[in-house]
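Q: Numbering (our numbering), first residue to last: 252 to 570.
Heads up, the beta-carbon is just placed ideally off N, CA and C, and yes, glycines get one too.
Supplied in C-alpha cells, the structure appears directly below.
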C-alpha cells in the first residue's frame, strides 16, 4: 500500500514538473506582469458575471497561457464539477466570477501555477429558462442553450399574436428591466435586438385600443397595429368612414386622464378636406362622431359613451 501511494505521489509531481518545465518563461512572465481580469478573449463576460451556476450546466474553463489546463466540465446533480489536478469543487449557486476565483485559488494553493488567470464561461444552461408571457402564440418557459436573443425566444414561442403591442418588456432576475420595440422593419429590429439570460421574463403586451363611436359605418374598438400608432383619419377609415348624418365639426376625442375624462374638440371635416394636420391618438381614446341633433347634448353623453366603448366589438385592420 505504501509503495502504491509513493508511486502515485511521484507520478503527480512528475506531471507538474513537465508542465512547469515546458513553460518556464510563462510562469516567470506571470510573476512580472499580470493581465487584467477579462483580458482573455471571453465573449459576454459582463453578461455572464451575474449568472448563477446550476446542476447540469456545461462550463468552459481556461487558464491564461496554459492551454494544457483548458477543459469542459459538466456540473453534477449535486452541484459539483471535477477539474484536472484540483479535483472536485462545489460550484452550484456561484456566479462565474466566484467560480473562477475559487478555481484560481485552488491552483495557487496547490502550487500548480503561481498566479493563475482563470476564465469560467457557461456554454449551456440547463437549470433555468426564459419565461415568455402575453401576446405570443405559445407562452411558456424556454431553455437557453448558449447565446440567445429576444427575437430568437419570441420566434421559438411561435411569434406574436395579431393583438400584440410593439413595446416588449424584459425583466431580469436582479430586478432590472429593459424595453424593446418590435417593428415591422426587420432590419431595425435586428439592429436593436438584445441578449437574454436564464431567468429573464419576457412580457409581450396587448396592443392599445382606439374606440370609434357614433355616426360611422362600423362603430367599435380597433387595435393600434401600426407599431402602436394610429391617427384620427386612420381610425375613421377603419370604422368605415362617417355617415351622412354625422356632425363632423362637432367630433370629440374623449380621453382618460389622471383627473377624469377630458373632451378634445376635433374639426373632422377640415381634416378630411385638407392634406395635412392629422392627429395621433392615444391608447384607450374614444373618437365620437355625433349626429346633427346631438350638438347641444354632447357633453351629457360622455358617461354613456364610456360605457358603450367598454362593450364595443374589437376589429383588426381595414375592412
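#1: If you scan the stretch 398-437 from start to end, which runs of the alpha helix (DSSP H) of 4 or more residues do you find wholly inside it?
#2: When you compare the CB positions of residue 384 and residue 313, do they come within less than 9 Å of one another, or not?
#3: When you compare the CB positions of residue 520 and residue 499, do they come within less than 9 Å of one another, or not?
#4: Distance, Cα to Cα, residue 411 vs residue 304?
#5: Within 10 angstroms of its Cβ, does residue 443 collect 16 or more other Cβ (buried), or is it exposed?
#6: So is residue 541 buried or exposed if we call it buried at 16+ other beta carbons inside 10 Å?
#7: At which residues does the beta strand (DSSP E) containing residue 531 begin and terminate?
#8: Could you pull out every residue in the same chain whose Cβ sits closer than 7 Å to the Cβ of residue 380, ignoring the five residues on either side in sequence?
#9: Under the three-state reduction of DSSP, which class applies to residue 358: helix, strand or coil?
#10: For residue 481 and residue 463, I'd like the C-alpha separation in whole angstroms.
#11: Go to residue 521, then tell me how far its alpha helix (DSSP H) extends in each direction, as first and last residue.
#12: What number of angstroms, rounded off, separates the C-alpha of residue 424 from the C-alpha of residue 333?
#13: Taking the alpha carbon of residue 375 as the reference point, which residue from 325, 342, 389 has its own alpha carbon closest?
#14: Using a Cβ-Cβ cutoff of less than 7 Å, which residues in the same chain neighbour residue 458 once the five nearest sequence positions on both sides are dropped?
#15: With DSSP as the reference, label residue 500 as helix, strand or coil.
#16: Would DSSP call residue 449 helix, strand or coil?
#17: Output needed for residue 508: all residues of its chain with C-beta closer than 7 Å, excluding positions within five of it in sequence on either side, in chain order.
#18: The alpha helix (DSSP H) spanning residue 488 covers which residue range?
#19: Provide the residue(s) that pair with residue 513 in DSSP beta bridges, ordered along the chain.
#20: Check for me: the beta strand (DSSP E) holding residue 467 runs from which residue to which?
#21: Our contact map puts residue 533 next to residue 506 with C-beta atoms below 8 Å; I'd like the distance itself, whole angstroms only.
#22: Can you find the residues in the same chain that come closer than 8 Å, C-beta to C-beta, to residue 460, ignoring five residues on each side of it along the sequence?
A: According to the structure shown:
#1: Counting only runs of 4 or more, we get 401-407.
#2: no
#3: yes
#4: Their backbone Cα atoms lie some 31 Å apart in a straight line.
#5: exposed
#6: Under the 10 Å beta carbon count, residue 541 is surrounded by 16 or more other beta carbons and is classified as buried.
#7: For residue 531, no beta strand (DSSP E) run applies, since DSSP gives it neither H nor E.
#8: 392, 393, 394, 395, 449
#9: Correct three-state label for residue 358: helix.
#10: 12 Å
#11: 519-524
#12: 28 Å
#13: Ranking the options by Cα distance to residue 375, first place goes to 325.
#14: 414, 415, 416, 474, 475, 476, 479
#15: helix
#16: The answer is coil: DSSP assigns residue 449 none of H, G, I, E or B.
#17: A distance below 7 Å between beta-carbons, with the five flanking residues on each side excluded, links residue 508 to no residue of its chain.
#18: 483-489
#19: 506
#20: For residue 467, there is no enclosing beta strand (DSSP E), as DSSP marks it with neither H nor E.
#21: 6 Å
#22: If we look at residue 460 and ignore the five residues flanking it on each side, its Cβ neighbours are 472, 473, 474, 475, 534, 535, 565.
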